[in-house]
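Here the sequence shown is numbered in the numbering used here, starting from 1200 and rising by one per residue.
We treat Cβ as the ideally placed atom computed from N, Cα and C, and that holds for glycine.
Everything numeric in this text was worked out from a predicted model, so none of it was measured.
What follows is a single structure, written as structure tokens, with notes after it.
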Amino acid sequence: MNHNSYFYPQVSVIVPIYNGQEDLPDLINCLQSQTYPKDKVEYLLVNNNSNDKTSDLLDQAIIESQKIGLNLKALNENNIQSSYAARNQGIRQATGEILAFTDADCRPLNHWLEELVKPFIDEKIGIVVGEIEALPGNSFLEKYAERNSILSQKFLLEHPFLPYGQTANLGIRRIIFTKIGLFRPYLTTGGDADICWRIQQQTNYKLTFAASAIIRHRHRSNFEELRSQWQRYGRSNLYLHELYGVDLMRNLTPKEAIYRFGRWILKEIPRDTIKIIQGKGNPIDLIKMPIDLFNFYARSQGQKTAKLSDQARQIHWL
1200 MNHNSYFYPQ VSVIVPIYNG QEDLPDLINC LQSQTYPKDK VEYLLVNNNS
1250 NDKTSDLLDQ AIIESQKIGL NLKALNENNI QSSYAARNQG IRQATGEILA
1300 FTDADCRPLN HWLEELVKPF IDEKIGIVVG EIEALPGNSF LEKYAERNSI
1350 LSQKFLLEHP FLPYGQTANL GIRRIIFTKI GLFRPYLTTG GDADICWRIQ
1400 QQTNYKLTFA ASAIIRHRHR SNFEELRSQW QRYGRSNLYL HELYGVDLMR
1450 NLTPKEAIYR FGRWILKEIP RDTIKIIQGK GNPIDLIKMP IDLFNFYARS
1500 QGQKTAKLSD QARQIHWL
């Protein structure tokens, strides 16, 4: 029996947006193409102090969506500059019993929402984590990220403390926020782990993975963006260490960097070259090690320089 044939709860999709003019047209196309019944979903796009054409694009998207019977609303979060504060604004305005989160630089596949909502038929499920795949890219950094499934949620589901999912693809029952509070609005990174962990520690709700609820994410295409991304992961490590006592990442030592670089030159390049000649490898594998080291170093730097402010510990309530 297809459970989903009668299970269509009211859903609110919440998307924080900061300077999203490059991403909004594609994102809105993806939202307009969702297979979830239009009368059962609202799309809340929260403008977080953008200073580009985001506001104009949202106005235009509302008019276009009305023509096809799609309930799309533009909200504003102008007080706190943070994606978590913007998500909180969406939660406050949401009318759905299930809240689905994604980001402006994500491209949900047509069945994304339908697949993300399915597991909620089980009332014990409070969090559903969807999968994140790479948007095909042209640069070698994007190809590296795609080849190594850098953003796959599977890694986060194996976290030694507790599993969690990124807010790029996450569903949560709205009622839970009345019990544990909202996202920490002044946190700049790590808020997705924090919300999932609070839910699992303070309620009996379970977390599950919906592998077929897929969004595609644009990977970083240059070293500046990549460094910024991995420094953010490092800061997130430190914040979660401060909040939960989870282990800090070990730092990359010069000795280890030299050893790994030497192994790459002497062992991995010859091995991967042979594989490529045999048609069993991918040229991207030849540069995996130096990019891995670059990421490791950036994450170490992020962890070393981060400081969790008292303000960032605050939890806001519905």
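Closest Cα partner of residue i within the set the options
i       : options                            : result
Pro1453 : Leu1492, Pro1224, Arg1286, Asp1484 : Leu1492
Ala1293 : Leu1447, Ile1475, Lys1239          : Lys1239
Gly1329 : Ala1412, Gly1444, Gln1500          : Ala1412
Thr1402 : Tyr1217, Lys1323, Val1327          : Lys1323
Gln1500 : Gln1265, Leu1437, Ile1483          : Leu1437
Pro1318 : Glu1341, Leu1406, Leu1361          : Leu1406
Tyr1242 : Gln1288, Asn1250, Ser1281          : Gln1288
Leu1552 : Thr1387, Thr1301, Phe1360          : This structure does not reach residue 1552, given that the chain is present from 1200 up to 1517, and the question cannot be answered.
Asn1309 : Ile1227, Leu1257, Phe1339, Tyr1443 : Ile1227
Phe1495 : Gln1510, Ile1349, Ile1379          : Ile1349
Val1327 : Ser1338, Gln1231, Glu1313, Phe1339 : Glu1313
Ser1249 : Lys1266, Gly1219, Gln1259, Glu1263 : Gly1219
Cys1229 : Arg1306, Asp1251, Gln1259          : Arg1306
Glu1263 : Gln1231, Thr1253, Asp1251, Ile1290 : Gln1231
Cβ separation of residue i and residue j, assumed to be a contact under 8 Å, to the nearest whole Å
i       : j       : result
Leu1274 : Ile1261 : Wrong, their Cβ atoms sit about 11 Å apart, outside the cutoff.
Ser1211 : Gly1295 : 3 Å
Ile1382 : Ile1398 : The question names Ile, but residue 1382 in the sequence shown is Phe. Wrong, their Cβ atoms sit about 12 Å apart, outside the cutoff.
Tyr1385 : Gln1513 : 6 Å
Pro1482 : Ile1475 : 6 Å
Asp1302 : Pro1215 : 7 Å
Leu1257 : Thr1377 : With 8 Å as the limit, Leu1257 and Thr1377 do not qualify as a contact, their Cβ atoms being about 28 Å apart.
C-beta contact flag for residue i and residue j at 7 Å
i       : j       : result
Ile1375 : Gly1325 : yes
Asn1247 : Glu1221 : no
Leu1315 : Gly1370 : yes
Gly1336 : His1418 : yes
Tyr1217 : Gly1390 : no
Val1245 : Ala1285 : yes
Ala1344 : Arg1426 : no
Arg1415 : Glu1341 : no
Thr1388 : Ser1435 : yes
Tyr1205 : Pro1236 : no
Leu1355 : Phe1408 : no
Val1445 : Leu1439 : yes
Ser1420 : Ser1351 : no
Bridge-paired residues (DSSP) for residue i
i       : result
Ile1216 : Asn1246
Gly1480 : Looking at the DSSP assignment, Gly1480 forms no beta bridge with any residue, so it has no partner.
Glu1322 : DSSP output for Glu1322 lists no bridge partner at all.
Cys1305 : His1416
Chain B contact for residue i (CB, 7 Å cutoff)
i       : result
His1358 : Absence of chain B from the displayed structure is noted, only one protein chain being present.
*Hey, which unbroken runs of the alpha helix (DSSP H) at 4 residues or more fall wholly within the region 1243 to 1293?*
1253 to 1266, 1282 to 1292
Quiz item: Taking the runs of the alpha helix (DSSP H) that are 4 residues or longer, which of them lie wholly in the region 1331 to 1366?
Solution: 1339 to 1346
query = Where in the region 1389 to 1454 do unbroken runs of the beta strand (DSSP E), each at least 3 residues long, occur, reported from the N-terminal end onward?
reply = 1405 to 1416
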